[in-house]
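Shown next, in structure tokens, is the structure this report addresses.
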Amino acid sequence: MEIHVLHRQGMGIRAIAKQLQLSRNTVRRYLRNIAKTPRYSRREAQLSKLDPFKFYLLERIEAAKPYWIPATVLFRELQARGYEGKEGILRNYIRQFKTKTDEPVQRFETRAGKQLQVDFTTLLILVVYHSKSCSITPNAS
């Protein structure tokens, strides 16, 4: 489309090709095919299979607050009401209503000497007889 606009403004094929970094043959081809330039129109929004049930879902989610109803439970309820869509569509829709709450970290404090903490590891102990040196190396497993 930009090629047609520039051509109507009086620019030549060579100038258009240079400005748009295209081949001159490409510019010529676009100018020859004015009638064949595709014209797309915006598609109308299609109704989702979930649309008739959205009001029911909102009521159920609001009634359950501050708790959350799992998507599988809502999916079974909607199927009983005639929903023919997939569970993934339902999950994607209700995800926006779920409030994410981070659970606070609970520290566990004890008095000094009341709790032992151990980091477990595996050691390979190599004992060499008839020698003066001995080494301990971690197991490379």
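Under the numbering used here, the sequence shown is numbered contiguously, ending at residue 491.
C-beta: ideal position from N, C-alpha, C; glycine also.
Values in this document were obtained by computation on a predicted structure and should not be read as measured data.
Supposed close pair residue i, residue j - CB separation, criterion 8 angstroms
{"i": "L397", "j": "G435", "result": "About 11 angstroms; that fails the 8 angstroms criterion."}
{"i": "R350", "j": "I419", "result": "Lying before the first or after the last residue shown, residue 350 is absent from the chain, which here runs from 351 to 491."}
Check whether residue i and residue j have beta carbons under 7 angstroms apart
{"i": "V377", "j": "A365", "result": "no"}
{"i": "L381", "j": "H357", "result": "yes"}
{"i": "I363", "j": "R379", "result": "no"}
{"i": "R392", "j": "A421", "result": "no"}
{"i": "Y433", "j": "F405", "result": "no"}
Secondary structure of residue i, DSSP reduced to three states
{"i": "L397", "result": "coil"}
{"i": "L474", "result": "strand"}
{"i": "R461", "result": "coil"}
{"i": "E427", "result": "helix"}
{"i": "E352", "result": "helix"}
{"i": "R445", "result": "helix"}
{"i": "L466", "result": "coil"}
{"i": "R378", "result": "helix"}
{"i": "I439", "result": "helix"}
Start-to-end residues for the alpha helix (DSSP H) that takes in residue i
{"i": "N383", "result": "It is not in any alpha helix (DSSP H) - N383 carries neither H nor E in the DSSP assignment."}
{"i": "Y433", "result": "No alpha helix (DSSP H) contains Y433, which DSSP labels as neither H nor E."}
{"i": "F405", "result": "K404 to A414"}
{"i": "I363", "result": "I363 to L370"}
Beta-carbon contacts of residue i that lie in its chain and below 7 angstroms, excluding the five residues immediately before and after
{"i": "R461", "result": "none"}
8 angstroms Cβ shell around residue i - same chain, five flanking residues per side excluded
{"i": "I439", "result": "S398, K399 and L400"}
{"i": "L424", "result": "L407, R410, L440 and I444"}
Own chain partners of residue i with C-beta closer than 6 angstroms, once the 5 adjacent residues on each side are dropped
{"i": "L428", "result": "F403"}
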